[in-house]
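Engineer: Residue numbers (the numbering used here): 26 to 427.
Shown next as structure tokens:
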């Protein structure tokens, strides 16, 4: 009598398998010094996709896998660490899976900042002791379409407030999750100031992490978009009693989704076409600039003299147009340096972006350049340095433009 009996059986088998792992840890007397974490990468798949779906539903939450509504973002997070976490303790503190890296490093007795530099997440140890985490916003960036029917968007949760920003047209949705956990009532029209506040916070976070944004599709098909995302919005799917009963109303939508991509390939250039210029291979000119080989760095650093510069020689295998991307980091108070990236006789100027720490690196696209087959030279030369250092630079990538 389950919603999807086959999926329910799979979950039961998974549960039994996890039990065998835990039982083995107990029998080997390893449980006290073993942290076991059970989690998921997304909420349950709630739409008709492949054979045997929809797999589940996420009531009372809206949507599921692939969406920025709560049905897609909320996942299981179970942690077992005997002697450190009280059995059956429950916390309702919102966390992210990026919190697991600093949590596990700290649990192993390591300082996360010294191991790999600043991280996006927080150490969750206070929750294990029934204490509270520092107040923070949680942000998500999802700049593409999915097979489940979601559209490019970003989201931010700040206390009970939740914002969803659609990248296609900039429209905003605002929800109060305590009053409306199912995200049924968009409060953005009634509370525009609150919506703008969260939108600005989300934009600042995207800038901080160097999030890449989508670009308009020249082959955009408005009627097809209307049919797939508006006429029958999969985020509003309300499941029937069973998966079998839910499927018929969505068969036409699924067929249309499949037809839209049939015989087509994504316009993504394979990584094998990239030309990657790594910090360790740079020719350095100057006094203080040097390659820092530590695993958590792997950058050109100590760029305290703006007269110092670096260059690479490389070979383009064929003629073509290439997008130029850099990976840079910059500590607090050092942002704003003006830097020129010159490829042969083409210069792409940019302003160094402050990222909070020199080893907190972000990707930035500077522009495009046309290359001929054969050897080329690329240089990175600061033009100004308002702070203590210019930046840390890990690599420059030249990526073929389709």
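Beta carbons are placed, not taken as given, at the ideal position from N, Cα and C, and that holds for glycine.
Quick check on residue 407: does DSSP put it in helix, strand or coil?
Structural biologist: Reduced to three states, the DSSP call for residue 407 is strand.
Engineer: Between residue 303 and residue 353, what straight-line distance do the alpha-carbon atoms span, to the nearest angstrom?
Structural biologist: Rounded to whole angstroms, residue 303 to residue 353 spans 12 Å at the Cα level.
Engineer: Give me the residue from 101, 282 and 52 with the minimum Cα distance to residue 115.
Structural biologist: Taking only the C-alpha atoms, the option nearest residue 115 is 101.
Engineer: Assign residue 112 to one of two classes, buried (16 or more other C-beta atoms within 10 Å of its C-beta) or exposed (fewer than that).
Structural biologist: With fewer than 16 Cβ atoms within 10 Å of its Cβ, residue 112 is classed as exposed.
Engineer: Candidates 326, 305 and 162: which alpha carbon is nearest residue 338's?
Structural biologist: When each option's Cα is compared against that of residue 338, the closest is 305.
Engineer: Going by other Cβ atoms of all chains shown within 10 Å of its Cβ, with 16 needed for buried, is residue 169 buried or exposed?
Structural biologist: Exposed, because fewer than 16 other Cβ atoms sit within 10 Å of the Cβ of residue 169.
Engineer: Take residue 166 and list the residues in its own chain whose beta-carbon comes closer than 7 Å to its own, dropping the five residues that flank it on each side.
Structural biologist: If we look at residue 166 and ignore the five residues flanking it on each side, its Cβ neighbours are 179, 231 and 236.
Engineer: Mark residue 263 as exposed unless 16 or more other C-beta atoms lie within 10 angstroms of its C-beta, in which case mark it buried.
Structural biologist: Per the 10 Å Cβ criterion, exposed.
Engineer: Tell me where the beta strand (DSSP E) around residue 183 begins and ends.
Structural biologist: Counting along the chain, the beta strand (DSSP E) containing residue 183 begins and ends at 178-183.
Engineer: Using a threshold of 8 Å, state whether the C-beta atoms of residue 366 and residue 403 are closer than that.
Structural biologist: Yes, Cβ-Cβ distance for residue 366 and residue 403 is below 8 Å.
Engineer: For residue 85 versus residue 384, is the C-beta distance shorter than 8 Å?
Structural biologist: The answer is no: Cβ separation not under 8 Å.
Engineer: If we count Cβ pairs, one from each stretch, closer than 8 Å, do we get three or more for the region 263-275 versus the region 89-100?
Structural biologist: Flag = no, the region 263-275 and the region 89-100 do not touch.
Engineer: Which stretch, first to last residue, makes up the alpha helix (DSSP H) that contains residue 233?
Structural biologist: Where residue 233 is concerned, the enclosing alpha helix (DSSP H) stretches over 217-234.
Engineer: Whole angstroms is fine: what's the gap from residue 409's alpha carbon to residue 379's?
Structural biologist: So the alpha carbons of these two residues sit roughly 15 Å apart.
Engineer: Have a look at the DSSP bridge pairing and note the partners of residue 337.
Structural biologist: Beta-bridge pairing links residue 337 to 403.
Engineer: Apply the 10 Å Cβ neighbour rule to residue 203 and answer buried if 16 or more other Cβ atoms are within range, or exposed otherwise.
Structural biologist: Exposed is the call here.
Engineer: What beta strand (DSSP E) runs, 3 residues minimum, are completely inside the region 310-355?
Structural biologist: Those beta strand (DSSP E) runs which fall completely within the region 310-355 and span 3+ residues are 315-317, 324-326, 334-341 and 345-355.
Engineer: Going by DSSP, what residue range makes up the beta strand (DSSP E) through residue 487?
Structural biologist: This structure leaves residue 487 out entirely; the chain is present only between 26 and 427.
Engineer: Cβ atoms of residue 396 and residue 345: under 8 Å apart, would you say?
Structural biologist: For residue 345 and residue 396, yes; Cβs fall inside 8 Å.
Engineer: For the alpha helix (DSSP H) containing residue 59, list its first residue and its last residue.
Structural biologist: Per DSSP, residue 59 belongs to no alpha helix (DSSP H) and is neither H nor E.
Engineer: Residue 366 by DSSP, collapsed to three states: which one?
Structural biologist: In this structure, residue 366 counts as strand in the three-state DSSP scheme.
Engineer: Cutting at 6 Å between CB atoms, please list the residues of its own chain near residue 406, excluding the five before and the five after it.
Structural biologist: Cβ neighbours of residue 406 beyond the five flanking positions: 334 and 365.
Engineer: Can you pull the DSSP bridge partners for residue 36?
Structural biologist: Note: residue 36 sits in no beta bridge, so no partner.
Engineer: At the level of alpha carbons, what is the spacing between residue 39 and residue 80?
Structural biologist: Approximately 15 Å, taken between the alpha carbons.
Engineer: Just to confirm, is the Cβ distance from residue 132 to residue 60 under 8 Å?
Structural biologist: Taking 8 Å as the Cβ cut-off, residue 132 and residue 60 qualify as a contacting pair.
Engineer: What number of angstroms, rounded off, separates the C-alpha of residue 289 from the C-alpha of residue 184?
Structural biologist: Those two C-alpha atoms are separated by around 42 Å.
Engineer: Using DSSP bridges, identify the partner residues of residue 417.
Structural biologist: DSSP lists 354 as partners of residue 417.
Engineer: Tell whether a beta-carbon distance below 8 Å holds between residue 207 and residue 87.
Structural biologist: Against a cut-off of 8 Å, the Cβ pair of residue 87 and residue 207 comes out as a contact.
Engineer: Terminal residues of the continuous alpha helix (DSSP H) containing residue 277?
Structural biologist: Looking at the DSSP string, the run of the alpha helix (DSSP H) that includes residue 277 is 276-286.
Engineer: Mind checking who residue 167 pairs with in its DSSP beta bridge?
Structural biologist: Paired residue(s): 178.
Engineer: Expressed to the nearest angstrom, what Euclidean distance is found between the alpha-carbon atoms of residue 348 and residue 146?
Structural biologist: Their Cα atoms are separated by approximately 31 Å.
Engineer: In whole angstroms, what separates the C-alpha of residue 394 from that of residue 350?
Structural biologist: About 11 Å.
Engineer: Whose C-alpha, out of 190, 214 and 186, is nearest the C-alpha of residue 205?
Structural biologist: Looking at the Cα atoms, 186 is the closest of the given residues.
Engineer: Exposed or buried, what is residue 199 when buried is set at 16 or more other beta-carbons lying within 10 Å of its beta-carbon?
Structural biologist: Buried, by the Cβ-count rule.
Engineer: Does residue 308 come out as helix, strand or coil in the three-state DSSP assignment?
Structural biologist: Strand, per DSSP.
Engineer: Just mark residue 53 as buried or exposed, buried being the case when its beta carbon has 16 or more other beta carbons within 10 Å.
Structural biologist: Exposed: under 16 other Cβ atoms inside 10 Å.
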